[in-house]
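Read through the structure below, which is laid out as structure tokens, and then see the notes.
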Ligand code: SF4
Ligand code: SF4
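Protein chains in written order, with the numbering used here: chain G, 44 to 290; chain E, 272 to 941.
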């Protein structure tokens with residue numbers, strides 16, 4: 044039996060984020076939220092562990108009422124319980140880790156699984172911070188997870204060789220994308236997921252201002268939008284433009 | 272009654288019983304096992320028409336002319352021989368003729384005599400085709416069955432001639448208690464001719480010759496009757512009904528009601544309809560389907576014949592078991608996917624409909640293949656990896672591409688096109704449905720731009736939906752993800768209703784087929800035109816005029832039929848007429864119109880890797896090259912993508928161009 048808590052991050056759909064041409068800041072206000080890519084792999088892995096060793100999968104997501112679609116996806120893949128923590132919308136790793144750790148402490152678990160870094164902010168800080176706050180060992184960048192008794196063994200797949208590490212549970216495992224291919228859930232499960240209740244818990248966290256966001260801007264780039272329709276004439280023209288650009 | 276009549280009567284009763292008992296069994300299976308209902312409408316006119324065309328006139332068989340003529344003669348021969356046989360056994364049993372002498376009996380006996388000769392020639396020709404010429408589609412299966420049937424038919428005809436020649440020679444007078452005799456010479460001309468060549472047998476031999484012929488003839492007939500429903504010759508009985516029951520919606524999968532249904536797609540033999548069972552029973556193993564299958568032709572193991580035949584064998588075996596063990600259906604009915612039908616074969620299908628088009632007995636392979644894909648996708652979440660990405664994209668971005676949907680109408684920027692998502696209250700007469708590929712794919716955007724140019728030139732007041740347009744659901748549907756397709760269809764239907772859209776033009780045959788034929792089932796009636804029809808009309812109505820190609824031009828055009836335009840919607844002429852409007856430098860490729868070779872992209876295959884065998888698109892490009900075409904005209908963004916790619920990867924860039932119909936016209940507008 045392995046009880047797993049899996050952490051899901053929601054993020055703005057990066058394909059749909061545009062850059063404001065004046066301020067050069069990303070315009071994320073009305074961009075639809077989607078499940079962060081690695082989080083989906085994390086849910087998949089948690090469910091695979093459940094299928095292999097039995098146990099329960101609890102998914103935790105920082106979000107709000109609109110996040111239920113993302114939680115339903117986790118249910119469809121096979122998560123047993125889902126908790127949406129509503130009331131924290133910042134994107135500051137130290138605070139995020141604190142909010143998560145508070146919740147995780149309340150739930151009995153053997154493993155906490157999460158992505159090693161998120162696809163939008165790419166800080167990679169959360170796993171380490173959680174490890175410190177929860178006082179549980181961190182096995183990072185897992186490409187494979189195995190459990191024997193009360194021990195978890197993780198394989199990190201590197202270019203040249205594989206590294207295996209293990210630790211007693213409970214522990215935290217951050218995963219890399221190669222670990223699995225998220226499944227397409229069967230329709231019956233998708234429909235059942237739609238009917239499953241989601242717990243939403245309101246919180247009002249104490250926010251530390253130790254680190255603050257100074258600016259988030261895209262580098263300035265200018266597109267000339269030149270189109271060369273004619274293949275034969277186009278190539279010399281492109282070469283000319285490139286040469287000029289290099290000067 | 273004499274001993275002979277009693278024996279023959281007993282034999283016939285046994286054979287007839289065995290025949291009907293088997294029919295009873297297979298009908299029982301077809302009624303009791305399937306859980307799904309076919310789409311059935313009365314449609315009497317169409318049914319009578321296809322019955323006459325495809326059964327009595329053997330219409331679909333002539334797609335393969337030699338085999339077609341052979342089979343048609345065999346078929347007509349059978350009908351008259353059937354009538355003759357009823358009379359034959361009637362005479363044996365009751366000692367007088369059923370058809371008393373007169374016009375009817377004259378016609379029967381005359382035609383039988385002619386056809387018996389033809390059928391013998393046919394049997395020889397069939398044997399030569401199968402074992403002499405070794406025609407590909409007959410190879411590799413059930414040779415014994417084919418040989419056995421040919422021997423039965425051959426012997427039946429030979430023994431008929433033996434008796435009939437004896438009669439012509441006046442030697443049957445002593446046997447009138449079992450056979451008809453004294454037929455006039457003009458009624459049996461072949462026998463009469465033979466009788467005058469073959470010397471009369473000494474009377475002591477006549478006894479042996481006659482009785483051997485008689486008994487071989489009678490027993491042969493009985494064996495045949497018993498054997499028919501237990502072999503591929505079941506089609507003699509099943510095929511006419513299969514044609515009569517055809518749904519008129521061939522190659523179109525049934526929608527799924529996700530609120531009510533619980534079994535999705537086809538996993539085991541319960542997941543078909545009784546009409547599908549008639550499909551299975553009707554298959555003659557002729558191999559025309561597989562012979563024309565683009566996947567099979569390019570070295571993939573997919574064979575539509577084997578799919579049908581494998582399920583048929585499963586129905587026969589599991590049906591038998593179920594008749595014995597009715598309490599545990601879940602034990603009896605095991606999945607057909609994996610064994611005997613390979614998953615990879617299901618994914619190889621391009622849903623091109625060539626198999627359906629060719630099948631002489633109107634078997635509908637495509638929905639069965641899609642239903643088995645549905646079983647994999649909807650029940651087990653199994654699909655090729657690229658298809659999973661396809662599903663994810665359609666779900667998140669309403670198109671097969673991971674591109675921000677708000678940019679869907681961007682291709683039309685600066686072209687002064689009414690975009691309903693930006694200008695919702697604009698007036699327009701027709702909606703131009705662009706489709707995903709022409710909206711996002713760089714090469715295919717040129718199609719959208721050309722269509723725009725033509726419509727503008729003709730003064731058509733049209734609009735596009737811009738970011739309100741979403742994938743029609745076709746790629747998801749054909750890949751088996753009906754859940755996603757259903758979602759997309761419903762969203763689009765909502766838009767059509769809200770915007771009160773009725774008249775639609777599209778340059779994509781896949782969108783065209785969905786909107787025109789499949790959206791009806793979701794509650795919108797649309798008047799949909801493919802751009803080939805529309806542009807052709809603009810030309811013939813003189814709304815646009817097209818510059819003719821100069822007579823000294825060395826350009827040579829050919830046209831590649833899109834499956835979803837051609838076979839699915841029977842639009843073959845409009846595209847050719849459009850090309851004809853500006854040039855006569857046109858030549859057909861091998862395999863055109865209803866026999867056209869697919870480009871390899873349908874059925875969601877545009878978004879899958881083609882790793883088994885060779886590429887379908889390469890085969891098509893080779894056909895275009897064979898006639899030295901300099902421009903291959905297409906009418907579908909999928910075909911454009913595949914053929915343009917094939918042209919490049921096979922190093923034909925310098926000598927060949929792929930152009931959409933809209934592009935060739937837009938360039939020549941005057
Ligand atoms: S639809 Fe086309 S690809 Fe599919 S089995 Fe039939 S012939 Fe082959
Ligand atoms: S499915 Fe049709 S075309 Fe194919 S083998 Fe059977 S009868 Fe022939």
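The C-beta atom is built at its ideal place from N, Cα and C for all residues, glycine as well.
At a cut-off of 9 Å, the C-beta of residue 651 of chain E has a neighbouring C-beta in chain G. One finds nothing in chain G with a Cβ atom closer than 9 Å to the Cβ of residue 632 of chain E; even the nearest lies about 34 Å away. Secondary structure of residue 690 of chain E (DSSP, three-state): strand. At a cut-off of 9 Å, the C-beta of residue 656 of chain E has a neighbouring C-beta in chain G. Against chain G, the beta carbon of residue 675 of chain E has neighbours under 7 Å at 58 and 59, listed in chain order.
Residue contact with chain G for residue 743 of chain E: absent (no Cβ-Cβ distance below 9 Å to any residue of chain G).
In this structure, ligand 1 has a non-hydrogen atom nearer than 8 Å to the beta-carbon of residue 619 of chain E. Contact between the region 675-692 of chain E and the region 781-801 of chain E is absent: fewer than 3 CB-CB pairs across the two stretches fall below 8 Å. Cβ atoms of residue 539 of chain E and residue 605 of chain E come within 8 Å of each other, at about 6 Å. Listed as beta-bridge partners of residue 129 of chain G by DSSP are G/106 and G/245. Taking C-alpha positions only, residue 340 of chain E is separated from residue 930 of chain E by approximately 39 Å. Proximity to residue 722 of chain E across E/697, E/738, E/686 and E/631 peaks at E/686, based on C-alpha coordinates. The beta carbon of residue 192 of chain G sits no closer than 8 Å to any heavy atom of ligand 2. For the region 659-675 of chain E, the beta-carbon criterion of a distance under 8 Å to any beta-carbon of chain G is satisfied by 659, 662, 667, 668, 673, 674 and 675. Using a Cβ-Cβ cut-off of 9 Å, residue 585 of chain E does not count as an interface residue toward chain G, since no Cβ of chain G sits closer than that to its own. For residue 535 of chain E, the residues of chain G that pass the 9 Å Cβ criterion are 229, 230 and 231, in the order they occur in the chain.
Of all residues in the region 55-85 of chain G, those with a C-beta nearer than 7 Å to a C-beta of chain E are 56, 58, 59 and 77, reading in chain order. Its chain contains 836, 842, 845, 846, 849, 906 and 932 as the residues whose beta carbon lies nearer than 8 Å to that of residue 803 of chain E, once the 5 sequence neighbours on both sides are disregarded; these appear in chain order. Measuring C-alpha to C-alpha distances from residue 936 of chain E to each of E/499, E/669, E/725 and E/386 identifies E/725 as the nearest.
In the three-state reduction of the DSSP assignment, residue 202 of chain G falls in the coil class.
With a threshold of 9 Å between beta carbons, residue 396 of chain E makes no contact with chain G. Closer than 9 Å to the CB of residue 88 of chain G there is not a single CB belonging to chain E.
Listed along chain E, the residues sitting closer than 7 Å to residue 226 of chain G by beta-carbon distance are 652. In the DSSP assignment, residue 734 of chain E falls within the beta strand (DSSP E) that extends over 733-735.
Burial check for residue 154 of chain G: the Cβ neighbour count within 10 Å reaches 16 or more, so the residue is buried.
DSSP, reduced to helix, strand and coil, places residue 337 of chain E within a helical segment of the structure shown. The region 347-407 of chain E is shown to contain whole alpha helix (DSSP H) runs of 4 or more residues at 374-398, in chain order. Setting aside the 5 residues that flank it on each side, residue 762 of chain E is surrounded in the same chain by 741, each with a C-beta closer than 7 Å to its C-beta; the list follows chain order. For the C-beta of residue 805 of chain E, not a single chain G residue is nearer than 7 Å; the gap to the nearest is close to 26 Å. When C-alpha distances from residue 524 of chain E are compared across E/557, E/645 and E/472, the shortest belongs to E/645.
For residue 750 of chain E, there is no enclosing beta strand (DSSP E), as DSSP marks it with neither H nor E. In the structure shown, residue 325 of chain E falls within a helical segment according to DSSP collapsed to helix, strand and coil.
Neighbours of residue 114 of chain G across chain E, judged by C-beta separation under 9 Å, do not exist; the nearest C-beta is about 16 Å away.
The beta carbon of residue 555 of chain E sits closer than 7 Å to the beta carbons of 503, 506 and 632 from its chain, once the five residues preceding and following it are set aside; these are given in chain order. For the region 636-650 of chain E, the beta-carbon criterion of a distance under 8 Å to any beta-carbon of chain G is satisfied by 648, 649 and 650. In chain order, 181 and 215 place their CB closer than 6 Å to the CB of residue 174 of chain G, counting only its own chain and leaving out the 5 sequence neighbours on each side.
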